[in-house]
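Heads up: the sequence shown is residues 51 to 225, going by this note's numbering.
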Amino acid sequence: MKTINIKFIAVTLVLLLTGVKSYSQISKAEIMATGLTCSMCSNAINKQLKSFAEVDSIATDLNTNTFTVYFKKDNSLQPKVLRKAVEKAGFFVGSLVLTAKFHTDKIEDNTTLKVDDATYNFIDIKNPVAHTEAKYRVLDKGFVTQKEYKKLVKSYSKYPGYATENEDDYYLKAL
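Here it is in C-alpha cells:
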C-alpha cells in the first residue's frame, strides 16, 4: 500500500512540474494617464495603483502625467487591472508600456502566448526577441487614446483578432 501511495505522489509531482504553462515577469509598467489637471488628480491614481500587493513602488512625472509602476518579483498582474485602477480614479490610460520578460523560445510577429488567464499577441515585431527583458506597448482599446485606436484598427486589420476587444487578450508591439 505504501508503494502505491509513493508512486502516486511521484507521478502527481511529475505532472505538476511538467504541466507548467508559459509565464511572464512584468517588472515595470509606464502608464501615461489622460485627463489630469492637478497634483490631486495624480494622488488619486497613485492611491489606486499602490493598493495592489504586487506593486513595489511608483514614480510619478507630473510633466508628462506618467506613472512608472515597479512590480515585486513573480507577480501575475494583468494590464487590465492597471487600466481599471486608473479608470476607478476617474481618468483614462493614454499609453501603457510594459517592461517584461516572456519565457518562450522566441517572440516574433504574430506570436501568441497564453499566460494564466491572459493571452498576449505580439504584432508588428520587426526583430525577434528571445529570453530577454524588453519593452512592449499595449495597443488595445483602453490602453491608447480613442483617436489612436481608430488608426490602429485600420493598420492592424491583418491581425484577425485585434479589434475583438476581449479584455483578457492583449496586443503588444515591441519597442
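No residue lacks a Cβ here, since even glycine has one placed at the ideal position from N, Cα and C. In this text the structure is predicted, and so the values were computed from the model without any measurement.
So what does A180 bridge to, in DSSP terms?
Partner(s): none; A180 has no beta bridge.
Integer-rounded CB distance, given that V131 should sit under 8 Å from A83
Actually they do not touch by this definition, with Cβ atoms about 15 Å apart.
Let me know if A139 comes out buried or exposed under the rule of 16 or more other beta-carbons within 10 Å of its beta-carbon.
Buried: at least 16 other Cβ atoms inside 10 Å.
Find out if the Cβ-Cβ distance for the pair F121, D111 is shorter than 8 Å.
It is not a contact, given that the beta carbons lie outside the stated cut-off.
Go through its chain and collect everything with a Cβ distance to N96's Cβ below 8 Å, but skip five positions before and after it.
Hits under 8 Å: I108, T110 and F117.
Is A60 helix, strand or coil by DSSP?
Note that A60 scores a pLDDT of 41, beneath 50, so its modelled location is shaky; the value from the coordinates is reported in the next line. Residue state, collapsed to three classes: helix.
For V203, which of helix, strand or coil comes out of DSSP?
Here V203 sits in helix by DSSP.
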